[in-house]
Amino acid sequence: MVLPKVEPRAAWLDLETPEEKRKRAALIYRRLDKAYPDAKCALNFTTPLEMVISTVLSAQSTDAMVNKITPALFAKYPTPEAYLASAPGELERDIHSTGFFNQKARSIRGLCRVIVEEFGGQVPDTMEGLLELPGVARKTANIVLGNSFGKVEGIAVDTHVHRLARRLGFSDEHDPNKVERDLMVLFPKKTWFRLTYLLIEHGRAICQAKVPGCEDCVVNDICPASRVPTRRKR
């Protein structure tokens, strides 16, 4: 597949065949894999419950902020029952710095209640079970399954994965579940878990929301959203 050096967004993308897209996706994966050898989940956790709570707290926050408060939080609330036993307003104060603390506290209490009442106090290890927990959608479920149970059933589409999937021409969808579906069709299952964190790392480091660093991007020559004609030589 020969791509033009300088083209506006999607000018050549519309002519790309499914096979060409798969080859381009594979090449992007290889380049990102080389660029971010240590890409992984940045949340600190030791148990599935801690993983669930951390992921809920990370919404509209940063992993660094979540990691800052979770050591004390997890020591104070080691079990689902401990969260349920917290006094009104206490959990909200404990997670206040992560933002949207009232909503997150409701989700945490709700999912802990279901874990206790429906799953014997243990975080479920299936997609179906996790999706029964209040505040847990497919993104969180994929993160928990992959990191806590070593199970890969999909791709966690957070804000970075969503943004890069659209910029790289992997999906035109706005709904995260549909973006995930498009990525799952395009990439082999063995890459799904690592793909999540490669895209997240690249989104944080280079392909940022407001001002993407296209001149420093390792895939800008095969990205339909690139703002520069060729990748800078290193």
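In case it helps, this note's numbering puts the sequence shown at residues 491 to 724. We treat Cβ as the ideally placed atom computed from N, Cα and C, and that holds for glycine.
- prompt: Would the stretch 521-534 and the stretch 596-616 be scored as touching if the rule is three or more Cβ pairs under 8 Å?
  reply: Note that the stretch 521-534 does not touch the stretch 596-616; fewer than 3 beta-carbon pairs, one per stretch, sit closer than 8 Å.
task: Spatial neighbours of L493 within its chain, please: CB distance less than 8 Å, with the 5 preceding and 5 following residues excluded, ordered by chain position.
output: Taking the first residue of the sequence shown as 1, we reach residue 493 at position 3. For L493, the predicted structure reports a pLDDT of 40, less than 50, and the residue's modelled location is therefore unreliable. A value from the coordinates is still provided. Here L493 has W502, D711, I712 as same chain residues with Cβ atoms under 8 Å from its own Cβ, once five neighbours each way along the sequence are excluded.
query: Rounded to the nearest angstrom, how far is the Cβ of F683 from that of G636, given a contact under 8 Å?
result: Taking the sequence shown and counting its residues from 1, one reaches residue 683 at position 193. Taking the sequence shown and counting its residues from 1, one reaches residue 636 at position 146. About 5 Å; that satisfies the 8 Å criterion.
message: So, with DSSP's three-state summary, where would you put T569?
response: The count along the sequence shown starts at 1 and reaches residue 569 at position 79. T569: coil per DSSP, three-state reduction.
- prompt: If you draw a straight line from the C-alpha of F564 to the C-alpha of I543, how long is it?
  reply: Within the sequence shown, the letter at position 74 stands for residue 564. Within the sequence shown, the letter at position 53 stands for residue 543. Between the C-alpha atoms of F564 and I543 there is a straight-line separation of about 9 Å.
- request: Just mark I621 as buried or exposed, buried being the case when its beta carbon has 16 or more other beta carbons within 10 Å.
  value: Walking along the sequence shown from the start, residue 621 turns up at place 131. In the sequence as presented, Ile is not what sits at residue 621; that position holds Leu. With fewer than 16 Cβ atoms within 10 Å of its Cβ, L621 is classed as exposed.
7 Å CB neighbourhood of A631 in its chain, flanking five on each side removed: Indexing the sequence shown from 1 puts residue 631 at position 141. Here the set comprises M617, L620, L621.
- request: State the DSSP-derived secondary structure class of E663, mapped to helix, strand or coil.
  value: Along the sequence shown, read from residue 1 onward, the residue named residue 663 stands at position 173. Annotated three-state conformation of E663 is coil, per DSSP.
field: Residue environment, P498, which counts as buried when at least 16 other CB atoms sit within 10 Å
entry: In the sequence shown, residue 498 corresponds to position 8, counting from 1. Legend: pLDDT at P498 = 46, less than 50; position of this residue unreliable, no value from coordinates given.
Per-residue DSSP class, three states only, for D648: Residue numbering aside, residue 648 sits at position 158 when the sequence shown is read from its first letter. The DSSP-derived three-state label of D648 is coil.
- prompt: Distance, Cα to Cα, E643 vs L581?
  reply: Sequence index remark: in the sequence shown, residue 643 carries index 153 (1-based). Sequence index remark: in the sequence shown, residue 581 carries index 91 (1-based). In this model, E643 and L581 are separated by some 32 Å (Cα to Cα).
- prompt: Excluding the five sequence neighbours on either side, which residues of its own chain have a C-beta within less than 8 Å of the C-beta of R657, listed in chain order?
  reply: Within the sequence shown, residue 657 is the residue found at index 167, counting from 1. Within its own chain, the residues whose Cβ lies closer than 8 Å to the Cβ of R657, once the five positions on either side in sequence are excluded, are C697, P702, C713, P714, A715, listed in chain order.
task: For the alpha helix (DSSP H) containing W502, list its first residue and its last residue.
output: Sequence index remark: in the sequence shown, residue 502 carries index 12 (1-based). First-last for W502: undefined, no H or E at that position.
- prompt: Mind checking V675: buried by the 16 CB within 10 Å criterion, or exposed?
  reply: Residue mapping note: residue 675 aligns to position 185 of the sequence shown, counting from 1. In the assembly as shown, V675 is an exposed residue. Its beta-carbon has fewer than 16 other beta-carbons within 10 Å.
task: May I ask you to report which of helix, strand or coil DSSP gives R717?
output: As a first step, residue 717 must be located in the sequence shown, where it is residue number 227. Assignment of R717 by DSSP, reduced to helix, strand and coil, places it in the coil class.
task: Under 7 Å Cβ to Cβ from L654, same chain only, skipping five residues before and after it: list those, please.
output: By 1-based counting over the sequence shown, the position of residue 654 is 164. Within the same chain, L654 has close Cβ partners L689, H692, G693, C697.
task: Using beta-carbon positions only, say whether V647 and P624 come within less than 8 Å of one another.
output: Your numbering for residue 647 matches position 157 in the sequence shown. Your numbering for residue 624 matches position 134 in the sequence shown. V647 is not a Cβ neighbour of P624, given a cutoff of 8 Å.
task: Excluding the 5 residues preceding and the 5 following T681 in the sequence, name in chain order all residues of the same chain whose CB lies nearer than 7 Å to its CB.
output: Within the sequence shown, the letter at position 191 stands for residue 681. Within the same chain, T681 has close Cβ partners Y519.
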